[in-house]
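Student: Each residue of the sequence shown is one higher than the one before, starting from 150 at the first, in my numbering. Beta carbons: idealized from backbone N, C-alpha and C, even for Gly. Got a structure here, written out as structure tokens. Questions coming.
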Amino acid sequence: MPDTLLSVDARPGPFAFRRGRTALVVIDMQRDFLEPGGFGALLGNDVSQLDGVAARCAELLGWARSLGLKIVHTQEAHLADLSDCPPAKRARGGLACGIGDPGPLGRVLVAGEAGSDFVAECQPLPGETVLRKPGKGAFWATPLESELRWAGITHLLFAGVTTEVCVQTSMREANDRGFDSLIVTDCCGSYFPQFHATTIEMVVAQGGIVGWAAPLSALQAATRAAAPLAA
Ligand code: TIU
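Right, dumping it as structure tokens:
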């Protein structure tokens, strides 16, 4: 299949990428962050602030699948023995029911438990990468960078939750590793709307100090205007 060059109407300027060199990274669309009783709720957050993100991420996934993009789903979850959970992370917040404890969705933030699973709308398909990560950033203590480089990926599209925690941390890690990255603004969400909005501004400020930002509609428009490359 010939590659395709797409140009997205983005901030702070056009974001051009080749279909064959671009991956969609969907960050932590797990029950633990989106549903009542999960880690996000146990931290004291109002998970209803994330209503609508799963449906929009599903639409983004459909767009990326139809384009044949590489797709990575990350999952913030720890090993059952918590050997990959820094004690400082577990202690943070002083929760009565925290990481590793039995909660309404199984052991909190532990791989294989109900809360660690992806929400129904964002389940990975066969052939897509599922990347468990112990931290907020997708590159720390994971094989993500190697996997992207081996696949020839140079450009990344970021979506998922939460905008200012795991999405922004991962995007900053990608930026420092030389990947050009775009945050899909309406396919991310935060428990704090003002943090979501400010994160977008932080990304695109200073000429795109961290990367680019655009809504899903801009990606869809870019596909409609796309031209196949000769080789
Ligand atoms: N608490 C919060 O906003 N986020 C996280 O703990 N993890 C992710 O963002 N995935």
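(1) In three-state DSSP terms, what is residue 267?
(2) For the ligand TIU, I want to know if residue 311 counts as a neighbour, meaning its beta carbon is within less than 7 Å of at least one of the ligand's heavy atoms.
(3) So, at 8 Å on beta carbons, what are the nonlocal neighbours of residue 352 in its own chain, with the 5 sequence-adjacent residues on each side left out?
(4) Flag this pair as touching only if the segment 284-295 and the segment 251-263 have three or more C-beta atom pairs under 8 Å; answer yes or no.
(5) Output the distance between the C-alpha atoms of residue 262 and residue 237, rounded to the nearest integer angstrom.
(6) Going by other Cβ atoms of all chains shown within 10 Å of its Cβ, with 16 needed for buried, is residue 368 buried or exposed?
(7) Do the CB positions of residue 207 and residue 270 come within less than 8 Å of each other?
(8) Quick one: is residue 325 buried, meaning 16 or more other Cβ sit within 10 Å of its Cβ, or exposed?
(9) Quick check on residue 274: buried or exposed, where buried means 16 or more other Cβ atoms within 10 Å of its Cβ?
(10) Applying the criterion that 16 or more other CB atoms from any shown protein chain within 10 Å of the CB defines a buried residue, is residue 190 buried or exposed?
(11) Relative to the C-alpha of residue 340, which residue among 160, 183, 168 is closest?
(12) What does residue 306 pair with, by DSSP beta-bridge criteria?
(13) Taking Cβ to Cβ, would you say residue 147 is nearer than 8 Å to residue 334?
(14) In the DSSP assignment, what are the bridge partners of residue 277?
(15) Given 7 Å as the limit, tell me if residue 189 has its C-beta closer than that to any heavy atom belonging to the ligand TIU.
(16) Just how far apart, CA to CA, sit residue 218 and residue 211?
(17) With DSSP run on the structure shown, which of helix, strand or coil describes residue 352?
(18) Among the residues of its own chain, which have a CB less than 8 Å from the CB of residue 267, if the five just before and after it don't count?
(19) What are the complete beta strand (DSSP E) segments, minimum 3 residues, inside the segment 174-227?
(20) Using a Cβ-Cβ cutoff of less than 6 Å, which residues in the same chain neighbour residue 246 once the five nearest sequence positions on both sides are dropped?
(21) With a 10 Å radius around its C-beta and 16 neighbouring C-beta atoms as the bar for buried, classify residue 310 as buried or exposed.
(22) Is the beta carbon of residue 176 within less than 7 Å of some heavy atom of the ligand TIU?
(23) Report buried or exposed for residue 276, applying the criterion of at least 16 other Cβ atoms within 10 angstroms of its Cβ.
Tutor: The structure says:
(1) If you number the sequence shown from 1, residue 267 lands on position 118. Looking at residue 267 - three-state DSSP - the assignment turns out to be strand.
(2) By one-based count along the sequence shown, residue 311 stands at place 162. Residue 311 Cβ: within cutoff of the ligand TIU.
(3) Taking the sequence shown and counting its residues from 1, one reaches residue 352 at position 203. Counting only Cβ-Cβ distances below 8 Å, and skipping sequence neighbours, we find 317, 320, 332, 358, 359, 360, 361, 362.
(4) no
(5) For the purposes of this step, residue 262 is identified with residue 113 of the sequence shown, where counting begins at 1. For the purposes of this step, residue 237 is identified with residue 88 of the sequence shown, where counting begins at 1. Looking at the two C-alpha atoms, the distance is approximately 22 Å.
(6) Along the sequence shown, one-based indexing puts residue 368 at 219. Buried.
(7) Taking the first residue of the sequence shown as position 1, residue 207 is located at position 58. Taking the first residue of the sequence shown as position 1, residue 270 is located at position 121. Result yes, Cβ atoms of residue 207 and residue 270 sit closer than 8 Å.
(8) Here residue 325 refers to the residue found at position 176 of the sequence shown. Answer is exposed; the Cβ neighbour count stays below 16.
(9) As a first step, residue 274 is located in the sequence shown; it is residue number 125 there, counting from the start. Exposed, since its Cβ has fewer than 16 Cβ neighbours within 10 Å.
(10) The residue you call residue 190 lines up with position 41 of the sequence shown. With 16 or more other Cβ atoms within 10 Å, it is buried.
(11) Reading the sequence shown from its first residue, position 191 is the one you call residue 340. For the residues 160, 183, 168, the minimum Cα distance to residue 340 belongs to 183.
(12) As a working note, residue 306 is residue 157 in the sequence shown. Per DSSP, 173, 331.
(13) No answer is possible for residue 147: it lies beyond the span of the chain, which begins at 150 and ends at 380.
(14) Working through the sequence shown from its first residue, we reach residue 277 at position 128. Paired residues: none, contrary to the question.
(15) Here residue 189 is taken as the residue at index 40 of the sequence shown, counted from 1. Yes, Cβ of residue 189 sits closer than 7 Å to a heavy atom of the ligand TIU.
(16) In the sequence shown, residue 218 corresponds to position 69, counting from 1. In the sequence shown, residue 211 corresponds to position 62, counting from 1. If I take the Cα positions, the gap works out to 10 Å.
(17) Numbered from 1 along the sequence shown, position 203 holds the residue referred to as residue 352. It is helical.
(18) If you number the sequence shown from 1, residue 267 lands on position 118. Same-chain partners within the cutoff: 178, 179, 180, 222, 224, 273.
(19) 219-225
(20) Position 97 of the sequence shown, counted from the start, is the residue given in the question as residue 246. Answer for residue 246: 191, 252, listed in chain order.
(21) To locate residue 310, count along the sequence shown from 1; it is residue 161. When all chains shown are included, residue 310 counts as buried.
(22) If you number the sequence shown from 1, residue 176 lands on position 27. The answer is yes for residue 176.
(23) As a working mapping, residue 276 is identified with position 127 in the sequence shown. Per the 10 Å Cβ criterion, exposed.
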